[in-house]
Amino acid sequence: MRVWFMYDCHTFAKVGDGSSSREQMEARARELFAEDGCGSLFARDSNGRQITYCHGQRQPNGRYGISDDALAAFFNRVEEHANWEARG
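Sequential numbering from 226 applies to the sequence shown in my numbering.
Dropping the structure here:
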């Protein structure tokens, strides 16, 4: 499993993989959304299939980024898939 951030200009940064903790990936995602609020997160499984994604959106303060709830939902889905995959 891998999680990637795609900047608005379509370049990529690695957020984490199967050896990264959720806390590490969430911190990295927050850091990247602070750089580019219009970016996107993508998660793919070990076979390259899409697990989930989310995009930066206009926040109540007028800036673009991701809400805590959206980030939690994204990583909940990633965690759910990783647990399902581990069960085989």
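A virtual CB, placed ideally from N, CA and C, is assigned to each residue, including glycine.
The structure presented is a predicted model; accordingly, all values stated were derived computationally and were not measured.
My output table needs one value for residue i: the three-state DSSP class, helix, strand or coil.
i, result
"Asp293", "helix"
"Met226", "coil"
Does the distance from the C-beta atom of residue i to that of residue j stay below 9 Å?
i, j, result
"Gly264", "Met231", "yes"
"Arg247", "Glu304", "yes"
"Thr277", "Arg302", "yes"
"Ser315", "Gln284", "Because the chain in this structure spans residues 226 to 313, residue 315 falls outside the shown range and cannot be described."
"Ala259", "Gly287", "no"
Residues in the same chain with beta-carbon distance under 6 Å from residue i, minus the five sequence neighbours each way, listed in chain order, please.
i, result
"Phe267", "Trp229 and Tyr278"
"Ile295", "For clarity, residue 295 is Ala in the given sequence; the question names Ile instead. Excluding sequence neighbours, Ala295 sits near Cys279."
"Asp242", "Arg227"
By a C-beta neighbour count over all protein chains shown, 10 Å radius and 16 as the cutoff for buried, is residue i buried or exposed?
i, result
"Phe299", "buried"
"Gly325", "The structure shown does not extend to residue 325, since the chain is modelled only from 226 to 313, so the question has no answer here."
"Gly273", "exposed"
Can you give me the Cβ contacts of residue i inside the same chain, cut-off strictly under 7 Å, excluding the 5 residues immediately before and after it?
i, result
"Glu251", "Leu296 and Phe300"
"Asp233", "Asp261, Cys263 and Gly264"
Going by beta carbon distance, what residues of the same chain come within less than 8 Å of residue i, once the five residues before and after it are set aside?
i, result
"Ala307", "Met226 and Gly243"
### Message
Give the list of continuous alpha helix (DSSP H) stretches no shorter than 4 residues that lie fully inside the region 244 to 290.
### Response
Qualifying alpha helix (DSSP H) stretches, in chain order: 247 to 260.
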